[in-house]
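In this text, residue positions in the sequence shown follow my numbering: the first is 710, and each later residue adds one.
Each residue gets a CB set at the ideal place from its N, CA and C atoms; glycine is no exception.
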Amino acid sequence: MKRADAPRRTVVPSGRSTRRVPTAVGVIAALASLVLTGCAADTDAAHRASPSARADATGTGDKLTYSQDLRISDAEQHLIAACMRKQGFRFQQEKPLSLDESRPVGYVQDDIDWARRHGYGSRITAKEDRTRLRNPNIAYRKSLSRSRQKAFDIAMDGGQDAVVLKSPTPSGGTISKQSGGCAAQAEELLYGDPAAWFRSDVTVRNLRPLYVDKLLHDKEFTSAVSAWSQCMNKAGHPFPDPGAARDSTRDHSAEQTRAAEARTFANETRIAVADATCARSVSLRAIGERREARYVGELAGKYGHALDAHLRMERHALTFAERTVPART
């Protein structure tokens, strides 16, 4: 399950936003709801539909859905696996989560049916953790001789001598990553220019700290959160905001018996369903998205070029992915 601020899951460090629109201003506005919802807005009909239909329903207009985002991720793994095989190494593609399990979760979660199935996603996170610990590619690399491990690393991402890409973040930091081998080849096929993609992606993924604090103190949004809190209190769950409700479900031992875990998950589901129900009843997502769009819209002038480049390259990646791998179900 993808967090709202998480990069898409690939075998190499790489992040992307989960939205696309035709102009820089539109890109910024579309990025807004990532913090609030983690995915594109959907309708009541989409909530009741199957996971694939619901993912497609979120993609009306110019938005890139999480289904499309996953398809790019799967295409990248497919390309890396094929490249590694040509280099004489084994590389296993993994798709540990279903489309429904991969649904992004943000500050506002108002999909009631999803909450009934998954709560806040604790079991999905546990599943991801188990899969990560059992990664067959890590085990395969460990089985190789030292010289073959070095060759594996060079084939994968260029090894220790790979080019290091660096890019400043909007808030003043610097992010770097290696670029080489099969990972760079996959990015070149998907995005055209790995270095340009990295620069624009770093910008897009790190815009949120510039405006999130403003949003969380916005008068209209805080009023909506207060209405949500009153609704939750009436439902028997006295929490001041969605973050507090979610955090309350994490207050338990990391090691639980099966019976204890079942009780914990039942409590998580009750709170998550109430959370989603109240969020929908007070239109928390709609209000949050509208107010957030105002703040991120102020960033268009300074970051428009990077956002336009990001949009152009992710569209190219999606077109390539649609020709390369099937959609996840």
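Assigned secondary structure, Gln796 (DSSP; H/G/I helix, E/B strand, else coil): Reduced to three states, the DSSP call for Gln796 is coil.
Per-residue DSSP class, three states only, for Pro903: The three-state secondary structure of Pro903, taken from DSSP, is helix.
Sheet register partners of Leu1076 (DSSP bridge): A question about residue 1076 goes unanswered here, because the residues of the chain that appear run from 710 up to 1038.
Ala671 versus Gly997 - alpha carbon distance: Here the chain comprises residues numbered 710 to 1038, so residue 671 is not present and cannot be evaluated.
Phe948 and Ser938 closer than 8 Å at C-beta: Their beta carbons are under 8 Å apart, which means Phe948 touches Ser938 by this criterion.
Coil, strand or helix - Val1034 by DSSP: Coil at Val1034, not helix or strand.
Contact between the segment 1010-1029 and the segment 890-900 (3+ Cβ pairs under 8 Å): A contact exists between the segment 1010-1029 and the segment 890-900.
Val814 (DSSP reduced to helix, strand or coil): Collapsing the DSSP output to three states places Val814 in a strand.
Phe948 (DSSP reduced to helix, strand or coil): Phe948 falls in the coil class under three-state DSSP.
CA nearest to the CA of Ile833, picked from Asp910, Leu773, Thr978 and Cys940: Ranking the options by Cα distance to Ile833, first place goes to Thr978.
Residue span of the alpha helix (DSSP H) that contains Arg841, given as start and end: Looking at the DSSP string, the run of the alpha helix (DSSP H) that includes Arg841 is Ser831 to Leu842.
Under 8 Å between C-beta atoms of Gln777 and Gln802: Contact check for Gln777 against Gln802 fails: the beta carbons are separated by 8 Å or more.
Which of helix, strand or coil DSSP assigns to Lys804: In the three-state reduction of the DSSP assignment, Lys804 falls in the coil class.
Beta-carbon proximity of Arg1000 to Asp819, cut-off 8 Å: With a cutoff of 8 Å on beta-carbon distance, Arg1000 and Asp819 are scored as not near each other.
Backbone CA spacing between Asp956 and Tyr829 [nearest angstrom]: Their backbone Cα atoms lie some 10 Å apart in a straight line.
CB of Pro918 within 8 Å of CB of Ser880, strictly: With respect to Ser880, Pro918 sits close: the two C-beta atoms are nearer than 8 Å.
Among Thr912, Asp822, Gln796 and Lys886, the one whose alpha carbon lies nearest that of Gly1013: Nearest C-alpha to Gly1013 among Thr912, Asp822, Gln796 and Lys886: Thr912.
Cβ neighbours of Ile863 in the same chain (closer than 7 Å, five flanking residues each side left out): Counting only Cβ-Cβ distances below 7 Å, and skipping sequence neighbours, we find Gly890.
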